[in-house]
Structures are given as structure tokens and as C-alpha cells.
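Start counting the sequence shown at 1; every next residue gets the next number (the UniProt record's numbering).
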Amino acid sequence: MSDIIVKQLAELIGAPVESLLRQLNDAGISVSGAEDSITDAQKLKLLEFIRTGQATTTEAAPKKAGGKISLKRRSSSEINVSGAQGKTNVSVEVRRKKNFSRSATETSNESETSSADIDDLNASANRTNDLAEQLSNERKAREDAIDKSKAERQATSERKAEEKIERDTAKETAETTAEAPQEEVTETAVEPEVTTETVAEESTPTATEETAPAETPVAEKTEEAPAEVAPVKKKLELPTDPRERREFLAKRARDEAAAKFKKRPSRPKPVPKPTPAKPAAAPAPAPSPTANANKGKKKPFQGRGGTPGGQLHVKEGLSGRRKKKGKRTRSVKIEQSTEHGFVAPTEPVVRSIEIPETIVVSELAQMLSVKGGDVIRAMMDMGVMATINQVVDQDTAILIVEEMGHEAKAATSEEEKSSTENLLEDTSQYETFSRAPVVTIMGHVDHGKTSLLDYIRESRVASGEAGGITQHIGAYQVATANGVISFLDTPGHAAFTQMRARGAKATDIVILVVAADDGVMPQTEEAIKHTREAGVPLIVAINKIDKESADPERVKSELAKFEVVAEEWGGEDVFANVSAKTGEGIDGLLESILLVAEVRELKARKDGPAKGTIIESSVVKGRGAVATVLVQEGTLKKGDVVLAGSEFGRVRAMTDDLGKPITEAGPSTPIEILGLSGTPSAGDDLVVLKNERKARELATKRHEKERETRFAAQQAAKLDAMFEKMQDGEKSTLNVLLKADVQGSLEAIKSSLNALSTDEVVVNIISSGVGGLSETDISLAQSSEAVIIGFNVRADASARRFAQESDTEIRYYSIIYELIDDVRDAMSGLLKPELREELVGIAEVKDVFTGSGFGNIAGCLVIEGKIKKDLPIRVLRKDVVIYEGYLESLRRHQDDVKEVAMGTECGIGVKNYDDVQPGDQIEVFTRTEIERKLESS
Ligand SMILES: Nc1nc2c(ncn2[C@@H]2O[C@H](COP(=O)(O)OP(=O)(O)OP(=O)(O)O)[C@@H](O)[C@H]2O)c(=O)[nH]1
């Protein structure tokens, strides 16, 4: 601003020159006339003079009595507010209004002042005001900047506080309302109006009059602001005074921040003890004198940037914070509410699970959702010791599950089932035709089953059998004048119960042979039971009617007691009186069979891949695994890939029941096949698959499962035995190692032996298998103190030697019931002296000569002991008994001799047996009466 002369200044401010000169003089600024220049400093001095009211009221005051001058100023600014929805610009307009009024006295004192002067003065004041405003512009700009930043902070904190409050629940409202009026804030937080007021005062140079109290400035916010506050006010009953309200909101924001801060888990003592004695103090404590006394002693938490001189001020004392602490007792409630929502079941949960063939204890526990220890405890209660990793078999697992109050069922191997089914060809398109009935002959020992079948077949199978008893399941097809019938010849002994049951599954009709002179016997009853269980029709053949003692009517009446009632007696069962010896009534029997079959309308498809059942299997030296199969559906062809139980293979060769090679076999045909990887079990299904690789995979899987099952069963048995011994010293176990010639015999003996177990003595078959006894078998039996039983098998040379050296007993049998009886007697302690076999000598067949009149002569070398002429002998082929009988002749060179010693060559003729081959062994034995040694271990 440059210097101007008084005249110019007067023009500028619109005041008379004289008046200005007078004012200048009054202000102590020496000017002589209108042309004198005035410096900036002088101008400021004049301004200061006018502002401080030193100027005479007479000059500046309006002449109008009670006159009032209003100075209005408005300034607007924008503040940047960051809130929950981001940054927003808020326009703030500050309106300042200053009223200058003259008192009546003053007005009267100035009564003589001319109106012109007043006007001049007014104009002068206005102009001066403008000038002052111009001069303070810079300062104001600076102050505005400060204001703006303060306003920003204030607005931010307000907004935050308001938002926080809005989030508060209605529950808190009551408490807050109770607190709010009691709280006071010593200083305002951000007060843009105050600052503005200062500016306004500075910009009021016309303070010649008495300054009236300024009207409360109004900070007009944007329209949203009051809208936001309004509902909060309503809810929380905020103080009506804007300042108090802001203070209150700011305090709440601080309290919230402090509360949050205290809730940090890292703080060790954030939560006050929720002592029940002070429950009321906790939620809403009023600021106490003590709290106020603490003022300044402890610096309260002020949040970020919060200083005593800043915008955020905390109410003196810590009562507010304590209040928050008190509130935080609710955090205890929160902790309680964070407890898991598990509610203990009030009733026991009964689970239904499917048990695979084997299962580990831990898996079982998992399936039942119980601890492994619980399962182990349950097993112990049942008398089974187990570990968490113990594999248990399906039966045991089912028992455990049921014992624990849950439900269990054996899981069908759906995966395997479906995979097998997928591999099978769809056979729905094939036509079905009537097929031959499959007949099973059952009956008590010696009632004439084999003889009957023999007669029907016109062969003499019984003559070559050891002990004269049928031991193997055979299958034959018989063509009659009225049709073909397939027969399954099951042995009569009870040991074959299991086989019979299996046989019945493949059977359409059962022929129950009952000797007319003997009547119903135990195995007759059993046969009836199995037949009924299988649900197959029964035809009773009352045999031996040629005998004088035959009494068919008595047999009928006896059978009636077992609900086998003849048609003529009003029942449904067919009866036929026959004689296997004379052949009487046999045609009628066959007719009855075909008649029953016709009624049953037996049908099967001839085309498509074959399905069948394994009747028997064994390993034959030079031929491998041989299996007797009953084809039930489709046609089995040479070269087909088959899966039978856990064995597989390609059908290398096929023979019919007469041993004739064939290339294919249709439904109801019993055949023998070669080519399987092993010996499947009797009763196993046989299916034809397209893919050999798949067949192998499935067979391997089944093998693994079998092994697991067997292992699990053995383990369980061992543990059982151990535990039983521990619990009951009196209970003993007879360990048995069993080897047999064929699978069927093996299964039958096993089941019979297992059935012998009583409460006092348990038969435990530690190992079983098909084939001769090896050294391994002997050592296994030794280690487990087991009795070694060979059924129609022998120990090989090394095994024999080993057994001798270790004084291990091997018991050989060729008749099942003798074996069973021996074991039973041993178990029941009936070890009475009895006939027992002892080996006398062994001769090995080197060559076979066909002699005239004497049948075949075997050129032999005695390799062990002596060969004695009159003793019983057995012919062994690969350690398996193939014939039992007597010697026809024993020759040394051309002479008949009574005995031949070891290392000597001799010629042996076997009575009624011409099939001796090089490599066979002929053993000579005696039956001597010795004391029984078979003892339970
Ligand atoms: N008189 C007479 N004897 C018979 C008749 N049927 C069988 N026998 C005799 O009874 C005995 C036993 O006959 P098997 O055919 O071996 O009896 P099985 O029921 O097959 O006997 P296992 O094979 O031991 O179950 C033999 O000595 C037969 O000769 C018959 O109709 N009349």
C-alpha cells in the first residue's frame, strides 16, 4: 500500500476531509492539511485508533436514537472429511453478524450532531471498515487456514463419534443417556466459530459505540450433517447445545477408542475383576470427587493426536474410563458366549455301520465316533485283548459293535462287486432253455449213496475208495431215457456238512438216501435240515429194499417226524423204494427226478459267457490246479478267461465226468478244468471275463482280502487263547496243523474240528492247507505246540527227518471220522489205548512191468525200513495217498519173499490196483495198539 494524501484518503473512505483531519489529529497523526500525505504506518495507527474506540463517539456514532449498525460478513470454506464412506467435501459457510447499537444516553448526547455528519460518519465507518478488512485480509487468510485444519479435525472426530453412536445398540442408549448430562467438557473441541469471531472482532473498526455481545455465530453445515445428527440426538438424548453435543460426541469417540485399546489381548490386565460385589458400579459410575481429584495425576488416554490443548479433550479424571472398564465386564459375557455350542446328547447315539472283511481297531473307533480306548475296553470285556492297530475280522468287529450298543452289518464289497459286474458281458439278450436238473445225493454213512450212484452210472466208483467211503465231492452226468440228470455226489459223513450246504446251493433236487433196514440216522436228520434250509425239493430214496430186514414203512413214519411226508400220506415229498444192489425202483426214482425238475421249469441260457460253481479243486502233479466245475449258465469254452474265487486263469483243457476231453460245456454240465492259478474253494463262483489282466487284478485283490481275513482271524484266535488262558487256567487249547489232499476235505475237517471245541477245550487250527507236509509245517507246529495231522497226505523226506529228530508226532489219516474221533477223544481225555499206524517201510517205484496173469508189477527200491508182504500198504503219489490196500505179491528176483530190507530192489504187485507209476511210493504200515499221546497243549 503506497502513501496517499489526506484528501485522497477522505475520498477513498468517503468521509469529509475536515472530519478525517480531525480524526487524524485525535489519533496523534500530525497532518496540516488535505494535501499532506499519509503513510501506511499512519493509516494503521488511525485504524488502531478507530478500532480501540478512542475515536470520539460523537463523530462515529449514528445520530439516530437507539440506532443500530449491523455488520455482516460471510466466509465460506470447504473441509475434507473422511468417514466410513470415504472422503467427502463439506462446505462450511461462516456468517458473522455484529450489531452496534447506541444507548439512549449516547444518542441524546449526540443530539446536536447534524444528520449530515452522521451520514458522513457512517460512510466513513463503512469505508474504514472496508479498509480494515483489506488490511486484515492476509491475517485472515492465515487464520482461515488454521481454522480449516481445525475444522477438519473437528468434523472428522464429530463424524466418527456420530457414526460410532449410530452403531450403538438401543440397550446402550439408556446408560449413555444417564451419563451424558453429567459429563462436562472444559474446553470446546474444534470451534471454527470462535476463530471466526476473533476475525470479526478484528474486522470491526467502527467500535466507537459500545459493542453489543455478539450473536452466537451459526456454523451452517452441509445439509447432511444435521440430518445425521438428528436421529442420534433423538436416540441418545444428546445435549441440545451444539458445543456440549460435540464435546459429548468427542468424548464418546475417545471412550470407544480407549475401550478398544484396552480390549487388546496383549494387554495383561485389561479386564477389571467382575466382582459380584460391585456390579452396579461397573456399568455406569458417576464421576466421583475422587476421580476429579485424580485430575492431572494421571494422563488419560487421549487417542491419536489428542493433547490437552488439542481438539480432543478427555474429561478430567478416569471415571469415564472406569466406566468403560465397567462396561467391559460385558466382555466376560462375550467370553461365555464364545464357548462351543456342543450340547451333550441326552440319549445314546446308536450308529449303524458297515464292517468290511477286516478292520483296524482305530478305524472301527473312528466309524463309531468313539475313542480307540473305548473299543479296546469293550473288546477286553468280551475277553479279547487288542491293541489300537489290531486288525480284527468282520465277525469279531460286528460282535464288538453290537456289544457297544451300535448296529453293524457286513459290508458287501460294492467296489469289487461292481467292478466284476462291469467286466461281465450283458447276457439279457440271450434266450433261456430248459436244462438238466442238478441232483445232490445225501444220506447217512453206508446207506448206499455211492452204490446208488454207481448203479445209475453203471460204474463201480466205491471199489477204489479209501476205507470204502466216498471222500471227495464228485459230479456226474447221467443220460436216461427221459433226459439228462447231473449228480453231485456228496460224502455221507458229517464232516462234509459244510460241503453239503454248499452243494445244496447249486442243487435243484436233493435225493435223501435212507437205508430201509437202518432208518433215520443222525446224518439223515442233518441232510433234511440242510435241504429245507436250501429250499430245494426232496426225494427220498429208501434203499436196500432187497434186504430182508428192510422196512420202508417204518422209514416213512420215522421221516414223518421230521416233516418229510410222502405224497400218499398227504405230504409233498416224493418217495421211491430202491435197491442199489438189484436196481429195483431206480428207473422210477429217475423218473421222479425228471418229473420234479419239469414242475420246477428249470431253465438257463446256453449262449454267452459261462457262469458256474466250483465243486472241488486240487493240485495234481503235472496238471497243476484241477477244478471240478458245474456250469450253470452259458457255455464254458476252452480258452476262456475265468475268475474262480481268488483264482484266475485261462481254461487250458476241459474234460467231462468220464475224463473225455471236451472243448465246451453248457448249463448243468459238470466238468473238470485245468489252467487256474490255484485251487479255489468248493462253492466259489466261476465267471468268464473278457480280460485276463482284469481277472488277475480281481484275483489278486481277493487273495489279499483272504490273507487279511485269515491273518486277522488267526491273530484274534491267538489273542483269544492267550486271554482265556490268563483268565481261566483250566481252559486248554489243542493246537492243530492240518494238511489235506484236496480243498474239500480240508474245509470239511476244519469245520468239524472247530465244531468240536467245548467250553473246556478249544481246537485251534493254527495252519491248514492242501498238499504234503513240509519242513516248515513241522517247525511251525513245533513252535506252537501243535498236533500235526495229515489227511491223505504225507510228510516229505526232509520233513519226516526233521519230525523224527525233534520227536514231533505226525498223525496220518485217510478216514475223516477216525480223525475227528481221535481228536475228540484226545480232547475229552479219553486217551485209551487204540490201534495206531506205524510206518514199517517205504519202497519207491522205479519202473512198472506188465506181467501176465499177475497184473502190473512195480520194480521198486526199498528206501526206508522194510517191506513186509502181509501188512497193509498205501500207494502215494507226490505224498498224496492214491490207494490203500494190500500187496498181491512181493518178489526178490524171481522168488516170492516175506520181506525186503532197505536198499534192496524188489518187485511189488498191488492187490486190485494196476495204476502204480514210476515215482510212486509204496508204504507199508502196521496198526498197533499203543497208548495215545495226543494231548492238548
Ligand atoms: N444189500 C444191499 N446193500 C447195499 C445197497 N446199497 C449199498 N449197499 C451196501 O452198503 C454198503 C455201503 O454202501 P455205499 O454206497 O458205500 O454207501 P455210502 O452211503 O456211499 O457210504 P459213504 O460213502 O461212506 O457215505 C456197501 O457195502 C454196499 O454194498 C443195497 O441196495 N442193497
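Note that beta-carbon positions come from the ideal geometry of N, C-alpha and C, so glycine has one too.
Query	Result
With a CB to CB cut of under 6 angstroms and the five nearest residues on each side skipped, what residues in its chain are close to P661?	T655
Between K45 and A27, what straight-line distance do the alpha-carbon atoms span, to the nearest angstrom?	7 angstroms
Just reading off the alpha helix (DSSP H) that E553 is part of, what are its end residues?	552-560
Can you tell me whether H703 sits near ligand 1, meaning its C-beta is under 7 angstroms from at least one heavy atom of the ligand?	no
Could you say if the region 641-649 and the region 669-689 meet the contact criterion of at least three C-beta pairs nearer than 8 angstroms?	yes
Closest to V349 by C-alpha separation, out of T358, V370, V510, V360, would be which residue?	V370
Does any heavy atom of ligand 1 sit closer than 7 angstroms to the C-beta of D546?	yes
Assign A781 to one of two classes, buried (16 or more other C-beta atoms within 10 Å of its C-beta) or exposed (fewer than that).	buried
In terms of alpha-carbon separation, which member of E357, A397, P670, D551 lies closest to A411?	E357
Applying the 10 Å Cβ sphere with the 16-neighbour rule, what's the burial state of K68?	Confidence in K68 is poor, its pLDDT being 48 and thus under 50, which makes the residue's placement too unreliable to answer from.
Extract the residue ranges of the alpha helix (DSSP H) inside the region 651-677, only unbroken runs of 4 or more that lie entirely within it.	none
Between the Cα of T613 and those of R623, A627, R605, K606, spot the shortest distance and give me the residue it belongs to.	A627
Give the straight-line distance between the Cα atoms of G448 and M442, rounded to the nearest whole angstrom.	10 angstroms
Could you compute how far the alpha carbon of I766 sits from the alpha carbon of K621?	26 angstroms
V840 and K868 look like a contact to me (Cβ under 8 angstroms); what is the Cβ gap, rounded to whole Å?	6 angstroms
State the DSSP-derived secondary structure class of E818, mapped to helix, strand or coil.	helix
Have a look at D895 and A799 and give me their C-alpha separation to the nearest angstrom.	35 angstroms
Going by DSSP, what residue range makes up the alpha helix (DSSP H) through N912?	From DSSP, N912 is part of no alpha helix (DSSP H); its letter is neither H nor E.
Could you pull the start and end residues of the beta strand (DSSP E) that E884 belongs to?	880-892
Output the boundary residues of the beta strand (DSSP E) element that contains D685.	685-689
Determine, using beta-carbon pairs with one atom in the region 428-439 and one in the region 591-611, whether at least three such pairs fall under 8 angstroms.	yes
Is any heavy atom in ligand 1 found nearer than 7 angstroms to the beta carbon of G443?	yes
Kindly identify the DSSP beta-bridge partner or partners of G483.	T480
List the whole-angstrom C-beta distance separating D914 from G855, where the pair is believed to meet the contact cut-off of C-beta under 8 angstroms.	5 angstroms
Shorter than 7 angstroms, the distance from the beta carbon of V513 to the closest heavy atom of ligand 1, or not?	yes
Does DSSP put M442 in a helix, in a strand, or in coil?	strand
Between the region 564-573 and the region 591-602, do three or more beta carbon pairs fall short of 8 angstroms?	no
Can you tell me whether A604 is helix, strand or coil according to DSSP?	strand
CB-CB under 7 angstroms to K299, same chain, minus the five flanking residues each way: which ones, in chain order?	Its pLDDT being 41, under 50, K299 is placed unreliably by the model, and nothing is read from it.
Is the Cβ-Cβ distance between V823 and L756 less than 8 angstroms?	yes
Have a look at I873 and I810 and give me their C-alpha separation to the nearest angstrom.	18 angstroms
Taking E664 and K637 to be in contact with their CB atoms under 8 angstroms, please state how far apart those CB atoms are, rounded to whole angstroms.	5 angstroms
Taking K701 as the reference, which of S752, E633, A644, T850 has the closest Cα?	A644
State the start and end residues of the unbroken beta strand (DSSP E) segment that holds K409.	407-410
Inspect the beta-carbon positions of K561 and A516 and report whether they are closer than 8 angstroms.	no
Does any heavy atom of ligand 2 sit closer than 7 angstroms to the C-beta of T628?	Questions concerning ligand 2 fall outside what the structure shown contains, since the ligands it does hold are ligand 1.
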